[in-house]
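A.B. asks: The structure's right below; bear with me while I get my questions together.
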Amino acid sequence: MSVFDKIEDKEKKEYAETVFHALKNRRAIRWIYSYEEKPLPKEYLEQIIEAGCNAPSPENYQPWEFVVVTDLETRKAIARLGRVFCKYMFGGGQISWKEVATWRFGYMKKPAPIGLSTNLMGTGWLMDYIEKAVVVVIACRQGLVGAKHFTHIVPITAQQLASRMAMGCSFMAAQNMMLMAHSLGVGSCYFNFPMSSPAAEAKIAELCNINYPEFSIIGFVSLAWPLFPRLRGPDRAPAKNKAWHNKLGNPWKNFKEDEE
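So the sequence shown is numbered by numbering that gives the first Met the number 0: it starts at 0 and just counts up by one.
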C-alpha cells in the first residue's frame with residue numbers, strides 16, 4: 000500500500016498524487032516549437048513567473064530577480080556562448096568524446112543514443128533550443144541581501160551565509176517555474192552552459208543590464224511548447240540508496256522499499 004492510499008480525504012489524496020506526479024515526470028525539453036511557430040500566451044508566462052516568485056524565502060528576503068528575455072538577438076548571444084563551451088567540452092576539449100560519453104551519458108543503455116547525444120553536443124547543435132525558445136528566463140540572485148542583519152558575525156561569514164541563502168532560494172524559484180510550466184504543458188529546460196567563465200557571465204550581464212557581480216546569474220530556464228511529450232528519462236537511484244539514518248553512510252533500514 001502506498002502512502003497515498005492511506006490518505007482518507009479524496010481531495011487531499013488527489014492533490015498529493017498530482018504534486019508527486021509533477022515532480023517525478025517533469026523532464027528537460029529541448030525539442031521545441033520555435034517562438035514563430037507557436038507563441039506562448041502572455042498569461043502562461045505570467046503564471047510561470049509568479050510561481051517562481053512564490054519560492055521559499057527565509058524571512059521573506061526574496062533574493063531573486065528574473066530577466067525575461069524575449070529579444071531574439073539576446074537569445075542568440077546566449078546560445079552562442081553555450082555552443083562555445085559545448086563544443087569545447089564534447090568536441091575539442093582535452094579528453095576524447097568517448098571518455099566524455101562514458102561519464103556524461105553513462106546512464107544510457109545503448110551505444111547509438113550515446114553517440115548521437117555526444118555528436119549533438121559536440122557540434123553545439125543542441126544549443127539551438129536556446130534561441131528557438133519563446134522565452135529565456137535568466138535567474139539571478141543578490142548575494143549580499145540580508146548580510147547587514149548579521150552584524151554580530153564576522154563580516155565575511157555574514158556574506159557567506161547571505162550568499163548561500165540567496166543561492167538556495169533562487170534555485171528553488173527556478174524549480175518552481177519549471178514545475179509550473181510542466182503542469183501547464185509548457186516545456187522548460189534549465190541550463191548554464193553559457194556561463195562557462197566569469198567573462199561569459201559578465202558579457203550576459205552587460206547585455207541584460209544585470210549589475211554584476213552584485214547580482215550573479217545562477218542559470219537560465221527556457222520556455223517553449225514541446226514538439227512531442229518526453230515521457231521517459233534516466234532512472235533515478237532508489238531513494239533508500241540516497242537517504243541515510245542520522246549519519247551519512249548509515250543505512251536507513253526501515254525505508255519504505257524494505258517494507259513493501
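Positions of the beta carbon are idealized from the N, C-alpha and C atoms, including for glycine. Bear in mind that the values here come from a model prediction, so they are computed numbers and not experimental data.
1. I'd like to know whether the C-beta atoms of P225 and I28 end up nearer to each other than 7 Å.
2. On the CB-based measure, 16 or more other CB atoms within 10 Å of its CB, does T19 come out buried or exposed?
3. Just the Cα atoms here: how many angstroms apart are I31 and S215?
4. Leaving out five residues before and five after M126 in sequence, what residues of the same chain have Cβ atoms less than 6 Å from its Cβ?
5. Which residues in the same chain as E200 place their Cβ atom closer than 6 Å to its Cβ, once the five residues preceding and following it in sequence are excluded?
6. CA-CA distance, P212 and L206?
7. When the Cα atoms are used, what is the spatial distance from G283 to G167?
8. If you draw a straight line from the C-alpha of R229 to the C-alpha of V185, how long is it?
9. Per the DSSP calculation, L80 is bridged to which residue(s)?
10. What would DSSP say about C188, mapped onto helix, strand or coil?
11. Strictly by DSSP, which residues pair up with L222?
12. Thinking A173 and Y189 are a contact (beta carbons under 8 Å), I'd like their distance in whole angstroms, please.
13. At least one CB of chain C closer than 7 Å to the CB of Y32: is that the case?
14. Tell me S215's beta-bridge partners as DSSP assigns them.
15. What is the residue span of the alpha helix (DSSP H) that V18 lies within?
16. Do you know offhand how far P62's Cα is from Y128's?
17. If we call anything under 7 Å between Cβ atoms a contact, is S187 one with V220?
18. Under three-state DSSP, which class holds K239?
19. DSSP state of F65, grouped into three classes?
20. In terms of alpha-carbon separation, which member of V2, R140, L39, E35 lies closest to S169?
C.D. replies: For this structure:
1. Position 226 of the sequence shown holds residue 225. Position 29 of the sequence shown holds residue 28. Yes; because the gap between Cβ atoms is below 7 Å, this pair is in contact.
2. Locating residue 19 in the sequence shown gives position 20, counting from the first residue. According to the sequence displayed, residue 19 carries Phe and not Thr. Burial call: exposed.
3. Residue numbering aside, residue 31 sits at position 32 when the sequence shown is read from its first letter. Residue numbering aside, residue 215 sits at position 216 when the sequence shown is read from its first letter. Straight-line Cα distance between these residues: approximately 28 Å.
4. To locate residue 126, count along the sequence shown from 1; it is residue 127. Hits under 6 Å: A78, G81, R82, C85.
5. As a first step, residue 200 must be located in the sequence shown, where it is residue number 201. The answer, listed in chain order, is M194, I216.
6. The residue you call residue 212 lines up with position 213 of the sequence shown. The residue you call residue 206 lines up with position 207 of the sequence shown. Each residue's alpha carbon lies about 14 Å from the other.
7. Outside the modelled stretch of the chain, which goes from 0 to 259, sits residue 283, for which no answer is possible.
8. Taking the first residue of the sequence shown as 1, we reach residue 229 at position 230. Taking the first residue of the sequence shown as 1, we reach residue 185 at position 186. Inter-residue distance for R229 and V185 is about 12 Å (C-alpha atoms, whole angstroms).
9. In the sequence shown, residue 80 corresponds to position 81, counting from 1. L80 is not bridged to any residue.
10. As a working note, residue 188 is residue 189 in the sequence shown. Three-state DSSP puts C188 in a strand.
11. Your numbering for residue 222 matches position 223 in the sequence shown. Partner(s): V134, S187.
12. For the purposes of this step, residue 173 is identified with residue 174 of the sequence shown, where counting begins at 1. For the purposes of this step, residue 189 is identified with residue 190 of the sequence shown, where counting begins at 1. Cβ atoms of A173 and Y189 come within 8 Å of each other, at about 6 Å.
13. Among the chains in the structure shown there is no chain C, since it carries only a single protein chain.
14. Sequence index remark: in the sequence shown, residue 215 carries index 216 (1-based). Per DSSP, R140.
15. Numbered from 1 along the sequence shown, position 19 holds the residue referred to as residue 18. That run of the alpha helix (DSSP H) goes 9-24.
16. To locate residue 62, count along the sequence shown from 1; it is residue 63. To locate residue 128, count along the sequence shown from 1; it is residue 129. C-alpha separation (whole angstroms): 28 Å.
17. Within the sequence shown, the letter at position 188 stands for residue 187. Within the sequence shown, the letter at position 221 stands for residue 220. Yes.
18. For the purposes of this step, residue 239 is taken as the residue at position 240 of the sequence shown. Reduced to three states, the DSSP call for K239 is helix.
19. Position 66 of the sequence shown, counted from the first residue, corresponds to residue 65. Looking at F65 - three-state DSSP - the assignment turns out to be strand.
20. Indexing the sequence shown from 1 puts residue 169 at position 170. Measuring from the Cα of S169, the nearest candidate turns out to be R140.
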